[in-house]
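S.K.: Mind having a look at this structure? Questions to follow.
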Amino acid sequence: MFLIALLCLYSPLFVADPKHSIKKFQKYLELINTARTIVYQPASNTKVCNKATESHIPPLDVSPEYKWQDFDISSQNLQFNETQKDWFAFTGELNLPSIYNKDEHLVRFTFEINNNWLVNADDDDFPAGPEGRYWINGIPIGAYDSYHHGNMLDWNELGGEKKVAQMRIFTGRARASHSLSKFGISLVHRDTEAFYQRLRFLIDILNQLSDDNPDKHGLKKAVDKAVRLLDIRELHYPIDLVDIRIQGSNFDAFHKSTKAALKCLKDEVAALPRADEAYNPSISVVGYSHIDTMWQWTFNTTHFKTTNTATSMLYLMEHPPHDFENPVEWKFLATAPQHYKWMQEDAPELFKRVVEKAKNGQWDINGLMWLEPDTTLPSGEGLARQILYGVRYFAKNCGEEFKQTVLFLPDCFGFTGSLPGILRAAEVDSFVTSKISWSEYNDFPYSTFQWRGIDNSIVNCHFISTPTGSGHATTYTGTSTAQQLIGTWKNNKQNKILHTSALHTSGNGDGGGGITEEMIWNYNIYNELPQIQDVPRLKFRTIDQVLEEVREKSHDLPVWDDELYLEYHRGTLTSFEEIKRQNRQLEQHLHNVEWLMTVYNTLTNEDVSSYKSAIEPIWEDALLFHFHDCIPGSSINEGNLDAIRRGRPDLAKLRELENELAEKIASLIKPYENEGTDQEIIFNTLAHPRYVDDQYIPSGGWAPKEKTTKIIYDSDETTMFERVNDNDYSIYTINEPFIQTSIPHNKESSKIVVDASTRTVTTPFFNVTFDEKGQIISIFDTGTNYEYISAPANVFELYEDRPLSFPAWDINLYHKEMPAQPPVFQGIEFHDDYVVTEYEIPRIGKGDGEAETTTIKQIITFSATEPFIDFRTLVNWTQHDKLLKVAFPTTVRARDARYGIQFGNILRPTHNSTDRDMAKFEVHGRWADLGEYERGVALMSDTKAGFDIHEQIIRLSLLKSSMTVDRWEDFGERKFTYRVVFHNDSYSDAHIQNIHDDLITPPVITQLEKKNMRRTDISLDNNMSFVDLSDRKVILDTLKIAEDEDGFIARFYESTGSMRRVTVTFNALESSKWSDAEIVTLVETPFGGKTETITKNAGDKLSFTFTLKSFQILSLLIKRNK
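Under mature numbering (1 follows the signal peptide of the UniProt record, and there is no 0), the letters of the sequence shown match residues -16 to -1, 1 to 1106, in that order.
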């Protein structure tokens, strides 16, 4: 001991136990934590209203006034009693403790709720609370959530002699019995807080440095020297001292020692060698709070998450930690116009503050799309509108200066190969994500790269590289620990090329929350660090500034020429059938309304602004449902019902608008006298001729309905089970009586011949043979003498669906190892022109449970005009944890299958030659075609999108039945149609894209106007093509009224992957009344990139000729001459 004492006396810093130095610092930290708060002063005159309402204004401003009850938080906790989805309001006067000294103390507002859940608080019982917001003297200060339980206050800034706090709290969705434990003011020792925060983060830094790091010793020595100046004699942890063992009260000796220790720590760190900014690498930090618009909560809850998070972020921006002369100015990114719009409606003053902060450069308004959507399931036009509505909202409501330069989608389940082309069509060059790092089998090879899409467009792609600590996955919800900040640099695979762009998004998220005081301390302490090997500097940037270096170095970056397939969450292509059907219906009926609106306006020059206004909120809802936990089916029961109920009035309104516009156009059409026709007009809103039943309808135009043409309106109901509580439920019935697009049955006359005795069906294209179990055993092409199937087809397969995690999201490959007993054939009926089959899934064990038997009924119809078969399928689905597929074994040999995606298609392997090939065992497709050079089989559906094509077998996933997150998802009555095309030519000559569009887009039918209702100034042929394209492989996907010009937009794309020259002719429009066509972006501004020449052709009819490259998207603005 004497020797040690001598060494201490003569050595500047004696270290007896270097191995445990950092653990010793951690011991100091635990002790210091007990002395940060000096005193807590409960609020006085406290009141509670346990029957408050949801609102974004302070509780005392509500009219009529709330009924308040007094309570005393100083004597005991306030018990909430049992609550569920309740709102509480609190108010009280805040008082400074008498010992307050502004030079020694910080003032902290403290509000703490002890959570007590009465259920397992997850999935359908996920609480999404307690959460709320608070005001002091009417000033919004911050949020109460999992990450924020109060804020440091500038007492004088609050004004007024009294400081009145108001809180509004949502207790949570789940049953609970919470209690309020603290509501008042805490005095925090100023120097102790500063020392604690610095020591905490420096320990974090030291733990990230290897022992052979040459800079670790200096930093450790600086910390060691400072902690030795602390007087910790009276500190104790974790056991409390009884009174007779306390020698000094209030830790006075310790608090007095912190001033010298803090100065020492700052000085010692500052004296270490500084980093050379010119040569040191750095990472880019962007504040961000991911707010899932719907997930384990409803859309309505997100309104509050948005305002709560914004309130906290603004206050923290304006009140940095006290201990820094020049605190860092961090930036905060919020991407979704939908959230801004809600904030603008709910809390307009808060919205104005956000926009002002954005104009000052600290709030970042960027992200491009209306919200952060899924990119595989929406249509191409749906994604185009995400951009159009997003850009226009920001420009109109926030300011033209907020240019949308980066698509920011950190949390989506894979990214379509058409996305680069869509972005470039909007003149956007950059894309940021992180989700691909979650892939199941293969670590993606790049962090930053050039992404080439199917149309050869290239965009800069940059991954967030913040480590999660679990494998190669990265996170977009960074908490800015030393491990994350340093790891962001190490994780970035292109950090030798990009020295400042490795991206860390800082802020709690999924349910919002954002940045915390501790994170801001971290920024500032990190910013003062000396030079440390392998520790990058921090740069606080906007998302566009982050991409500047990426753009500058783009020529040095690798190129990825494929989709960004996520090897994970494959089940989202199938989960929650109802939202997927609703999405298709909304998108296609919006398409119909816009097409008819454009036809009517271009023919008459009459004002259609009322129709434009009517569909804008419907488009906004459709875009809302694209959210990446809504359309994929990965939300709670309450959220799923919320989305469906919100969509029903939209669909009803679209029916009404279709009828109105069809009637208006019908008033322009000549009468007709033909015994073979009804007094009805069928409108075709697709730019190719189509068949309705067996009747030919011209492209984009109309024809009188023939008497033999059968139209069937969909009368089949589906059901959704609404969870009430635990095992209680109610049943919600859904029906939208739109025209069925599958081939009708029971027609008066037909070219289909059904022979029940031989179980065969003969069509103009092939002979179909069924076996005694209702399976198809032959599809024989009568034109080529080719057999299409190699084994019984249209076979239902049932599998156990037991993913490793995330049941609603995932399908694991090992499901193929877990087949269940398949549906059992119950019977087959042969009718004049169709076949009906029925199946049941066998019951389990004795079958004496209460569940109904799962039944499957199919109405199989055969086209007389094209080589396909429709399978309209009705299922009473009562399974759980099962996956139902249908299989078509074929005779087609192809190493790749072709899948329809937005604005084109993509090839994917049908083999497992590599791990990356094998990982694509379930993939997305709007349709799929397995083809040889001159023949093939294509499969498509009105609602289904999950395909598995391997070993010459085409499989389509039909139904899942996960129990989480929505335990009732897909349970009940289901319906869907799939169509199988057997073509004896190439997929492009078979016009697979056109056939798919026919399936998902209903025609529109209306009565021909009576003679006295017809207009006399315009008289159109009653059988007419409105638009013709010289090449059907070029798709005119959209006709719409221009947003700001007197004209219309025609959006085309090349559908097969080959350059094409095409002429488009608008047969009913006079060329002299229209200007030359102008190429525009998706947001309808002049397109500045390389463009093709658009030639306006001579002649009376409006006509243009142009060239499209492979899968190119082209938007033309055609303006009316003045």
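Just so it is clear, CB atoms sit at the ideal spot from N, CA and C, and this is done for glycine as well.
Can you grab the Cα-Cα spacing for the pair Cys(-9) / Arg212, in whole Å?
M.R.: Bear in mind that the predicted position of Cys(-9) carries a pLDDT of just 43, short of 50, making it unreliable; the figure below should be weighed with that in mind. If you take the alpha carbons of Cys(-9) and Arg212, they lie about 12 Å apart.
S.K.: Across which residues does DSSP place Ala941 in a beta bridge pair?
M.R.: In the sequence on display, residue 941 carries Ser and not Ala. According to DSSP, which records beta bridges pairwise, Ser941 is partnered with Lys869.
S.K.: Report yes if the CB atom of Ala671 is closer than 8 Å to the CB atom of Leu1013, and no otherwise.
M.R.: Cβ distance < 8 Å, so Ala671 and Leu1013 count as in contact.
S.K.: Smallest Cα separation from Asn711: which of Phe1010, Trp281, Asp109 and Thr1075?
M.R.: Here the closest residue by C-alpha is Asp109.
S.K.: Looking only at its chain, what residues have a beta carbon closer than 6 Å to the beta carbon of Asp913, apart from the 5 residues adjacent to it on each side?
M.R.: Excluding sequence neighbours, Asp913 sits near Arg882, Gly920, Ala922, Tyr971 and Ile976.
S.K.: On the CB-based measure, 16 or more other CB atoms within 10 Å of its CB, does Pro807 come out buried or exposed?
M.R.: With 16 or more other Cβ atoms within 10 Å, it is buried.
S.K.: Between which two residues does the alpha helix (DSSP H) harbouring Asn191 extend?
M.R.: From DSSP, the alpha helix (DSSP H) with Asn191 extends over Arg174 to Gln192.
S.K.: According to DSSP, is Leu482 part of a helix, a strand, or is it coil?
M.R.: The answer is coil: DSSP assigns Leu482 none of H, G, I, E or B.
S.K.: Excluding sequence positions up to five away, which residues of its chain have a Cβ less than 6 Å from the Cβ of Ser762?
M.R.: Thr753.
S.K.: Sorted by chain position, which residues of the same chain lie with C-beta nearer than 7 Å to Met(-16)'s C-beta, five sequence neighbours on each side aside?
M.R.: Any reading at Met(-16) is ruled out, since the residue's pLDDT is 34, under 50, leaving its predicted position unreliable.
S.K.: By DSSP, does Trp314 sit in helix, in strand, or in coil?
M.R.: It is coil, neither helix nor strand.
S.K.: Return the chain-ordered ranges of every alpha helix (DSSP H) run that is complete within the segment 179 to 260 and spans a minimum of 4 residues.
M.R.: You should have 200 to 211 and 236 to 255.
S.K.: Report yes or no: do three or more beta-carbon pairs, one from the segment 85 to 97 and one from the segment 160 to 180, lie closer than 8 Å?
M.R.: Output reads yes: the segment 160 to 180 touches the segment 85 to 97.
S.K.: May I ask which residues mark the beginning and end of the alpha helix (DSSP H) holding Phe855?
M.R.: It is not in any alpha helix (DSSP H) - Phe855 instead sits in the beta strand (DSSP E) that spans Phe852 to Trp861.
S.K.: Candidates His573, Leu482 and Asn589: which alpha carbon is nearest His539's?
M.R.: It is Leu482 whose Cα lies nearest to the Cα of His539.
S.K.: With a threshold of 8 Å between beta-carbons, can Thr389 be considered close to chain C, or not?
M.R.: In summary, chain C is missing from the structure at hand, where a single protein chain is found.
S.K.: Out of Arg632, Gly767 and Arg707, point me to the one whose CA is closest to Glu720's CA.
M.R.: Measuring from the Cα of Glu720, the nearest candidate turns out to be Arg632.
S.K.: Rounding to the nearest angstrom, what Cα-Cα distance links Thr1077 and Ser1087 in this structure?
M.R.: Spanning the two alpha carbons is a distance of roughly 14 Å.
S.K.: Exposed or buried, Ala740, counting other C-beta atoms within 10 Å across all chains shown (16 or more means buried)?
M.R.: Burial call: exposed.
S.K.: What does a CB cutoff of less than 7 Å around Gly401 pick up in its chain, not counting 5 residues either side in sequence?
M.R.: Gly437, Ile438, Asp546, Glu547, Ile885 and Ile890, listed in sequence order.
S.K.: On the three-pair Cβ rule with 8 Å, is the segment 314 to 334 touching the segment 135 to 154?
M.R.: No, the segment 314 to 334 is not in contact with the segment 135 to 154.
S.K.: Can you give me the start and stop residues for the beta strand (DSSP E) that Lys959 sits inside?
M.R.: Note, Lys959: beta strand (DSSP E), Gly956 to His967.
S.K.: On the DSSP bridge assignment, give the partners of Asn135 in chain order.
M.R.: The partner list for Asn135 (beta bridge, DSSP) reads Phe93.
S.K.: Buried or exposed: which applies to Ala(-12), given that a residue is buried once 16 or more other Cβ atoms fall within 10 Å of its Cβ?
M.R.: Because Ala(-12) sits at a pLDDT of 40, beneath the cut-off of 50, its placement in the model cannot be relied upon, and the following sentence gives the value as read from the coordinates. Classification of Ala(-12): exposed, given that the 10 Å Cβ count is below 16.
S.K.: Quick one: what does DSSP say Glu834 is sitting in, helix, strand or coil?
M.R.: Correct three-state label for Glu834: coil.
S.K.: For Ala19, does the count of other Cβ atoms within 10 angstroms reach 16, so buried, or fall short, so exposed?
M.R.: Buried.
S.K.: DSSP three-state label for Asn29, please.
M.R.: Strand at Asn29.
S.K.: How far does the alpha helix (DSSP H) with Gly623 in it extend, from its first residue to its last?
M.R.: Element bounds for Gly623: Asn621 to Ala650.
S.K.: Who pairs with Trp544 in a beta bridge, going by DSSP?
M.R.: DSSP output for Trp544 lists Trp435 as bridge partner(s).
S.K.: For a test of the three-state rule: what should DSSP assign to Tyr430, helix, strand or coil?
M.R.: Residue state, collapsed to three classes: coil.
S.K.: Give me the residue from Val583, Ile984 and Gln679 with the minimum Cα distance to Leu652.
M.R.: The residue with the shortest Cα to Cα distance from Leu652 is Val583.
S.K.: Note down, one range per segment and in chain order, each beta strand (DSSP E) of at least 3 residues found wholly within the segment 369 to 442.
M.R.: List check, beta strand (DSSP E) in window: 390 to 392, 414 to 417 and 432 to 436.
S.K.: Sorted by chain position, which residues of the same chain lie with C-beta nearer than 7 Å to Met947's C-beta, five sequence neighbours on each side aside?
M.R.: Excluding residues within five positions, the ones whose Cβ falls inside 7 Å are Pro791, His864 and Asp865.
S.K.: Which word fits Leu(-14), buried or exposed, when buried means at least 16 other C-beta atoms lie within 10 angstroms of its C-beta?
M.R.: Its pLDDT being 39, under 50, Leu(-14) is placed unreliably in this model, and the value from its coordinates should be taken loosely. Classification of Leu(-14): exposed, given that the 10 Å Cβ count is below 16.
S.K.: Can you give the Cα-Cα distance for Asp794 and Thr558, rounded to whole angstroms?
M.R.: Cα to Cα, the separation comes out at about 10 Å.
S.K.: Using CA coordinates, which residue listed in Asp45, Glu96 and Trp101 is at the minimum distance from Ile123?
M.R.: Ranking Asp45, Glu96 and Trp101 by Cα distance to Ile123 puts Asp45 first.
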